[in-house]
Ligand SMILES: Cc1ncc(COP(=O)(O)O)c(C=O)c1O
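Numbering (my numbering), first residue to last: 1197 to 1643.
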């Protein structure tokens, strides 16, 4: 007899430490055993729509045999080789060449990691190396934003702007600073200035406070994902670019969630016609079928890397993993062949319109927002004041459980429901998502 879900969970709690480990939070846990398309299957046989594409990554959906075959082919040909200087492999070369075509004209050089946090670390160190080579070793600080998420290794955690990630792990790495998020629903700009410009000007103010000669990098997600799907005003990033140029601060965009079509464009920042100096990506590059991430840098940074006399002493055993790069190549065939940016734009509109139609007048829905196929519903106690529910009421956790009762598995940021289903989701499944969210809010807060 195979073990029951109860047996499995009994062993799980004895032996596993989970990301964001919390014994209380693990009650009613699932043990996923199978998946297909946009559906996850629990060990007790129940099925759920994968409302967040795993962790924002399974864009091509579950059960893509092309990706399994690409991994299998590579594993039987060359399962691993070093990617360190002096070694390379076919798929890493092909993937870097392909990314040079897919990213911005000035970004043509790529480094591969195993995920998002390692990509953040890589970019912090590259920015430091760059300014050190240019004779400005004091230019090493990183500014990022409240509600930003950039991973939780120690330096990445210090850039992450969600304080609950820091509390038990202080002190943070020095030299990581935060400014406010350009959060249209909550940001209050002074009279006579648009919220987008005012929020961007906070970067200038912080650079001036710290001294421009000490600030290396501004790190930002085009749309803040884990922080609650926060879409900036249209004038925000153009002004950010101006400020970074003026003070010689590298603009690094964290496209770990937004990259590869999620927002309706290949890269999130394309919405605002702005080019970064550095990018980082992960998740959707392999649709989660293999842990792979990476960075890309502009030609001016690549020139310094090439001309620097000092070795860039940064590396991971799994950099440019041949299996990961092979899976990424097969996955990019899907993303480009099935035109994921267009699909995300169209399906995202259906999702957002559906949610707005059903929820815009709900007395506890403060805002329904999104871009492409990522959306959020922000629950508030009072729509007039935008006051949140007392945390002790656990409204978010209760809504999350109710969504699961209605067959939808996703994640919350506090009382904000986050949604980013696989880009292959069907229209019928999108309707199920909209029903599940609406019914769950109704169950907890009344219709
Ligand atoms: C924007 C962003 N950056 C970085 C990360 C960290 O990635 P990882 O969990 O692979 O370290 C995440 C993870 O959700 C993310 O959303």
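Beta carbons: idealized from backbone N, C-alpha and C, even for Gly. Everything numeric in this text was worked out from a predicted model, so none of it was measured.
- Not one heavy atom of ligand 1 sits closer than 7 Å to the Cβ of residue 1358.
- One thing to note: residue 1329 has its Cβ within 8 Å of the Cβ of residue 1504.
- In this structure, the beta-carbon distance from residue 1489 to residue 1452 falls below 8 Å.
- DSSP lists no bridge partner for residue 1348.
- DSSP, reduced to helix, strand and coil, places residue 1364 within a helical segment of the structure shown.
- Residue range 1228-1232 is occupied by the beta strand (DSSP E) that includes residue 1228, with no alpha helix (DSSP H) assigned at that position.
- Membership of residue 1392 in the alpha helix (DSSP H) is indicated by the continuous run 1391-1406.
- With the rule of 3 Cβ pairs closer than 8 Å, the region 1457-1467 does not count as touching the region 1606-1613.
- Annotation for residue 1362 indicates a beta carbon at 7 Å or more from all heavy atoms of ligand 1.
- Measuring C-alpha to C-alpha distances from residue 1530 to each of 1502, 1482, 1497, 1562 identifies 1482 as the nearest.
- Unbroken alpha helix (DSSP H) stretches of 4 residues or longer found wholly inside the region 1448-1520: 1495-1503, given in chain order.
- Assignment of residue 1224 by DSSP, reduced to helix, strand and coil, places it in the coil class.
- Here residue 1433 is not bridged, per DSSP, to any residue.
- Under the three-state reduction of DSSP, residue 1445 is assigned to coil, being neither helix nor strand.
- Cα atoms of residue 1205 and residue 1360: separation of roughly 27 Å, rounded to the nearest angstrom.
- Taking the C-beta atoms as reference points, residue 1327 is found nearer than 8 Å to residue 1412.
- The C-beta separation of residue 1547 from residue 1501 comes to about 41 Å, leaving the pair out of contact by the 8 Å criterion.
- Here residue 1379 carries a coil assignment [DSSP, helix/strand/coil].
- Rounded to whole angstroms, the gap between the alpha carbons of residue 1210 and residue 1403 is 48 Å.
- Linking residue 1562 to residue 1381 through their CA atoms gives a straight-line distance of about 8 Å.
- Following the DSSP letters along the chain, one finds residue 1304 inside the beta strand (DSSP E) bounded by residues 1303-1309.
- Taking non-hydrogen atoms of ligand 1 into account, the C-beta of residue 1589 is found less than 7 Å away from none of them.
- Per DSSP, reduced to three states, the secondary structure at residue 1211 is helical.
- Looking at the DSSP output, residue 1599 bridges to nothing.
- Separation of residue 1295 and residue 1498 (C-alpha to C-alpha, rounded to the nearest whole angstrom) is 15 Å.
- Judged by DSSP in its simplified three-state form, residue 1628 adopts helix.
- Ranked by Cα distance from residue 1426, the first of 1271, 1379, 1275, 1622 is 1379.
- If you draw a straight line from the Cα of residue 1494 to the Cα of residue 1472, it comes to about 8 Å.
- Following the DSSP letters along the chain, one finds residue 1552 inside the alpha helix (DSSP H) bounded by residues 1536-1555.
- The three-state reading of DSSP puts residue 1341 in strand, counting E and B together.
- With contacts defined as CB atoms closer than 8 Å, residue 1409 and residue 1335 qualify as a contacting pair.
- Apart from the 5 residues on each side of it in sequence, residue 1528 sits with its Cβ closer than 7 Å to the Cβ of 1294 in its chain, given in chain order.
- Fewer than three beta-carbon pairs drawn from the region 1425-1442 and the region 1580-1595 are found closer than 8 Å, and the two stretches are therefore not classed as touching.
- In the DSSP annotation of this structure, the continuous segment of the beta strand (DSSP E) that includes residue 1608 starts and ends at 1607-1609.
- If you look at residue 1286, you'll find it in the alpha helix (DSSP H) that goes 1286-1298.
- Measuring C-alpha to C-alpha distances from residue 1613 to each of 1622, 1623, 1576, 1215 identifies 1576 as the nearest.
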